Amino acid sequence: MKVLKFGGTSVGNPHAIEQVCDIIKNNNLQDRCAIIVSAVGNTTDMLVKCGQLAYHKNEKYRYFIEEIEIQHLNIIRALFPSQSNFISSIKKRLNFLEIFCDSIFHVMELSKRSLDRIMSLGELISSYLFYEKIKEYGFKTIWKDSQELIVTDERYGCAQVDIIKSYKKIQYFFSIESAPYAILPGFIASSPRKEVTTLGRGGSDYSAAIIAAALKAEVLEIWTDVSGIMTADPRIVLQAFPIENLFYEEAIELSNLGAKVIYPPTLHPVIEKQIPILVKNTFSPSEKGTRINNAPCFKHSVTGISVKKNMTMITLKGIGMINILNYLKRLFTVLSREKIQVLFFSTSEHSILLGIEESEVMQIKNSINNEFSQEIDKKYLFPVLVEQDLSIITVIGDKTKNMHRTSARMFITLSKNNIYIRDLAYNVSKKNMSAVIKNSDFKKALNVLHETFFEIPPKPINLFVAGIGKVGRKLLEHISIQKTYLIKELQIQVMGLCNSKTMYFEEQGIDVKNWKKNLESGNRMRLHRFIEKIHLMNMHNSIFIDATDSQDVARTYDKLFVKGIGVITCNKIACSSSYKDYKNLKKIARYFKVPFFLETNVGAGLPIISTLNDLLNSGDKIHLIEAVLSGSINFIFNHFKSGRTFSETVREAQKRGYTEPDPRIDLSGIDVMRKILILVRECGDSMELSQIRQKPFLPEECVKANNVESFYEKLSQYENYFGRLREEAKNKGKKLRFMAKYEKGNANVELKSIGPEHPFYQLEGDDNIILYKTQRYYEQPLIIKGAGAGAEVTASGILSDIIKASR
Ligand SMILES: NC(=O)C1=CN([C@@H]2O[C@H](COP(=O)(O)OP(=O)(O)OC[C@H]3O[C@@H](n4cnc5c(N)ncnc54)[C@H](O)[C@@H]3O)[C@@H](O)[C@H]2O)C=CC1
Ligand SMILES: N[C@@H](CC=O)C(=O)O
């Protein structure tokens, strides 16, 4: 014998009901089945609403009755095209509902007993409807009203089942009935006076559990709309997946602490009889689902993570606590008298911390203060302290011997992600570990803990991109083009965008293809607001992309790091400012364990910094760095041929996106000085920008121009000078290269003319080249060469850094 229970969504529409019929059809026909059915979709809520509106003299109850009727008749029309005569029996129940609500409306009385009668109609109708459909498949089936089998007391709304009587009735019924399929309404039962009663929260699960236990069923199958009990709430953790095997106790812990798929407290009868429970998805029946039993199986050390939001912490404390006799007993007597469920408990010599539902706080606070009023008056204790807006996040597992490791990982993960932990506690059974955190952190906490305990890289990344100029735009284009891989597979999402004018955010992720429209519709850009909003959104694995040339933006990194937000930057200002600031940023990022990647600071997308780091980390020593690090200057001198003016060539470089937003930063040598300085610092040398020797080739007057346009004007006044530089080199068979060098603690940049014997002579277009002469690469130095400027390659470099951060 099998017992199958189908929840409201499984019978919520004609398609779902057909799906359920298929599941039964595909069931092994030799199995006898008791099939328990919930009410269609949200019918129970609507029934309650009808009763309450009628009681409050609100005629709108008629509207809800009509809604219920329409919903059911639509299903009947779709499932039984030739209309069936059983429709009259359903109409009879709906007429009863109308008459019953009319009388509530007139007498203005709604007892719990009446409400149970109203609520019972949902399951009575749905099960009958379902019975008629299953009959069409040719199965020998009977319908049985559970009121005749499950006996309860008269606690309407949440009646207590008389297990012994109910078991007897169920066993008797199934012993005389031979039909292989029996359809029964869930949730409802009857009192000894034959009044309708209901079984409270999780009622249909409970009906199914009682029937399964009475019949010693081989399995209880709970069919729902998700593929089993998940490792975490899938609406919050996209990576959550179904747990294949759970022990009974774990399932109870998970559901008590927030998982809502089934309500195991009501499954107690089957757990007592050690009947396995299978949670399956009606809409994806081939998936394995979750099996709950106590059979040994392979499992992760952590089985699932759940959260209870809107919790209140109550602290009773005082140095006199230790001397108060039976204080724990007195406290728990108060809690039990007030029927308060304690979901978190932690104690020390001088204090007790209790986690309870927010709604219960006022009642219990006063009761505890009254109980301990004498001790409070004598100042042995403080009055109860209340902290609200908290969540309890619990990691559940059964590997007790690993629990200390689990708790350490939990603590490290939460603190690393800047999540304030109010308290941590083991559950008494040592099968779970709970942390009290702020409500505002619960989504982030759930995601980062899920990542730690269940996920293998890559981890999802939430991006905030500052600077949608040439580079930023290309980056969004790359993300949009590689959407399937980046967004769908790696789950790299852009959550915020800004340029110097506007900023735009979307919590569900921005459609990067429409970035322009979105940005135009955004709010006025204020840097501190942009940063504040990132903090406020509090997303896990947040990364700030700096694709600006702004000093102000570069100054925000430390504020991001301390909140657990990583930075990927192509803006060189931060790492080429004072050494103290550079060192500090590195230190803070390391301390908060957040990514701080700056590959594109030197050589755009070329792996110049990562190669240097790899050499140093593997123990190599740098003897010499020699490089051409300016893509724009290299392009300019490669393209400044006779017949072309120097200023035209610079304009061309700017147009192609090789120069800085202000080309003077390149031509004055500052850009290359910044780059070599960053390499020097990555080598561990504490150099300042002012210590780099330079021989500028750009006339002072051009550097000092008021703006970029007047710079170009000045430049054209120096055409002869630039022409002379070119001709002198050409006449000697040489080429002009703007070179950077670092050797023996000294760095310098200068324009040099080099001959064909030099490895940098054949350097095309906007290419960069870097030569590392190291202890290991001494005779044959390591050379990296390739396109070293332009939005395309820079955006690619940023994207590689993002993917690196996700690993
Ligand atoms: N173009 C290239 O080949 C490479 C550029 N880079 C760096 O990339 C950065 C961006 O370069 P481009 O895209 O060429 O410049 P761009 O001028 O085209 O874009 C800069 C963007 O930053 C925004 N911005 C400036 N100040 C801002 C502020 N305070 N707040 C918000 N947004 C602000 C601007 O509105 C603009 O959208 C620069 O730091 C540059 O050094 C790095 C490697 C190569
Ligand atoms: N302007 C730079 C590109 C960015 O670093 C260059 O010309 O190399």
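Residue 289 in full-length UniProt numbering is what sits at position 289 of the sequence shown, and the numbering runs on without skipping anything. Backbone N, C-alpha and C define an ideal beta-carbon position, used for all residues, glycine too. Remember, predicted model here, so these are calculated numbers, not experimental data.
| In the structure shown, what three-state DSSP assignment does residue 360 receive? | If DSSP states are grouped into helix, strand and coil, residue 360 belongs with the helices.
| Residues in its own chain within less than 8 Å of residue 787 by CB, not counting five upstream and five downstream? | The beta carbon of residue 787 is closer than 8 Å to those of 604, 605, 606, 631, 765, 766, 767, 768, 793 in its chain, skipping five residues each way along the sequence.
| task | Under 6 Å from any heavy atom of ligand 2, by CB: list those residues in chain order, please. | result | The set, ordered by position in the chain, is 604, 630, 631, 632, 658, 659, 660, 666, 671, 788, 789.
| field | Residue environment, residue 394, which counts as buried when at least 16 other CB atoms sit within 10 Å | value | Label assigned to residue 394: buried.
| Between the CA atoms of residue 306 and residue 424 - distance to the nearest angstrom | Taking the straight line joining both Cα atoms gives about 15 Å.
| query | What do you get for residue 177, buried or exposed, if any count of 16 or more other CB atoms within 10 angstroms of its CB means buried? | reply | Flag for residue 177 reads exposed.
| message | Considering only DSSP beta bridges, list what residue 223 is partnered with. | response | Residue pairing by DSSP places residue 223 opposite 6, 280 in a beta bridge.
| request: Could you check which residue in 56, 151, 130, 796 has the C-alpha nearest to that of residue 477? | output: Nearest of 56, 151, 130, 796 to residue 477, Cα basis: 796.
| query | Ends of the beta strand (DSSP E) at residue 493? | reply | It spans 492-498 - the beta strand (DSSP E) in which residue 493 sits, taken as one unbroken run.
| field | Proximity test, residue 243 beta-carbon vs ligand 1 heavy atom, cut-off 7 Å | value | It does not: the Cβ of residue 243 is nowhere closer than 7 Å to a heavy atom of ligand 1.
| In three-state terms, what does DSSP make of residue 34? | Strand at residue 34.
| message | I'd like to know if the stretch 464-480 and the stretch 432-451 are in contact, where contact means that at least 3 CB-CB pairs between them fall below 8 Å. | response | Flag = no, the stretch 464-480 and the stretch 432-451 do not touch.
| query | Heavy atom of ligand 1 less than 7 Å from the Cβ of residue 751, yes or no? | reply | In this structure, ligand 1 has no non-hydrogen atom nearer than 7 Å to the beta-carbon of residue 751.
| said: I need the boundaries of the beta strand (DSSP E) containing residue 785, first residue and last residue. | reply: Under the DSSP assignment, residue 785 falls in the beta strand (DSSP E) whose first and last residues are 782-787.
| task | In angstroms with no decimal places, state the Cα-to-Cα distance between residue 85 and residue 77. | result | Distance between the alpha carbons of residue 85 and residue 77 is about 12 Å.
| said: Here's a check: name, in chain order, each residue in its chain whose Cβ is nearer than 7 Å to the Cβ of residue 523, leaving out the five neighbours to either side. | reply: If you ignore the 5 residues before and after residue 523, its C-beta comes within less than 7 Å of the C-beta of 502, 503, all in its own chain and listed in chain order.
| query | Between residue 552 and ligand 1, is the CB less than 7 Å from at least one heavy atom? | reply | Checking every heavy atom of ligand 1 against the Cβ of residue 552, one is found closer than 7 Å.
| request: Decide if residue 248 is buried, meaning its Cβ has at least 16 other Cβ atoms within 10 Å, or exposed. | output: Per the 10 Å Cβ criterion, buried.
| field | Simplified DSSP assignment, three categories, for residue 791 | value | Residue 791 falls in the helix class under three-state DSSP.
| request: Assuming residue 3 contacts residue 217 (C-beta within less than 8 Å), just tell me the rounded distance between them. | output: Contact flag correct, Cβ pair sits at about 5 Å.
| said: Under 8 Å, with one C-beta from each stretch per pair, do the stretch 722-730 and the stretch 633-647 reach the 3-pair mark? | reply: Taking 8 Å as the limit for Cβ pairs, the verdict is that the stretch 633-647 does touch the stretch 722-730.
| Quick one: what does DSSP say residue 423 is sitting in, helix, strand or coil? | Note: residue 423 maps to strand in three-state DSSP.
| query | Which stretch, first to last residue, makes up the beta strand (DSSP E) that contains residue 694? | reply | Judged by DSSP secondary structure, residue 694 falls within the beta strand (DSSP E) whose first and last residues are 693-695.
| query | Which residue from 267, 114, 535, 627 puts its Cα closest to that of residue 784? | reply | Checked all of 267, 114, 535, 627; the closest Cα to residue 784 is 627.
| message | Does residue 681 come out as helix, strand or coil in the three-state DSSP assignment? | response | Taken through DSSP and simplified to helix, strand or coil, residue 681 comes out as helix.
| Range of the contiguous beta strand (DSSP E) that encloses residue 385 | Run containing residue 385: 385-396, per the beta strand (DSSP E) assignment.
| Would the stretch 691-700 and the stretch 611-629 be scored as touching if the rule is three or more Cβ pairs under 8 Å? | Flag = no, the stretch 691-700 and the stretch 611-629 do not touch.
| query | Per DSSP, what kind of secondary structure is residue 747 in: helix, strand or coil? | reply | Residue state, collapsed to three classes: strand.
| Around the C-beta of residue 836, are 16 or more other C-beta atoms found within 10 angstroms, so that it is buried, or is it exposed? | The shown model of the chain, from 1 to 807, leaves out residue 836, and the question about it has no answer.
| query | Smallest Cα separation from residue 467: which of 346, 447, 549? | reply | It is 549 whose Cα lies nearest to the Cα of residue 467.
| request: Give a single yes or no on whether residue 495 has its beta carbon closer than 7 Å to a heavy atom of ligand 1. | output: Not under cutoff, so the answer is no.
| message | Measuring only from the beta carbon, is residue 470 closer than 7 Å to any heavy atom that is part of ligand 1? | response | When distances are taken from the beta-carbon of residue 470 to the heavy atoms of ligand 1, the shortest one is below 7 Å.
| message | Is it the case that the stretch 140-151 contacts the stretch 87-98, given that we only count it when at least three CB pairs across the two stretches are under 8 Å? | response | Counting Cβ pairs under 8 Å, fewer than three are found: no touch.
| query | So, using beta-carbon positions, are residue 167 and residue 214 closer together than 8 Å? | reply | Yes, these two residues count as a Cβ contact at 8 Å.
| Along the chain, which unbroken stretches of the beta strand (DSSP E) at least 3 residues long are found entirely within the stretch 99-152? | Entirely contained in the stretch 99-152, the beta strand (DSSP E) runs reaching 3 residues are, in chain order, 141-143.
| query | Taking the DSSP output, what are the residues bridged to residue 539? | reply | Residue 539 pairs with nothing; no bridge assigned.
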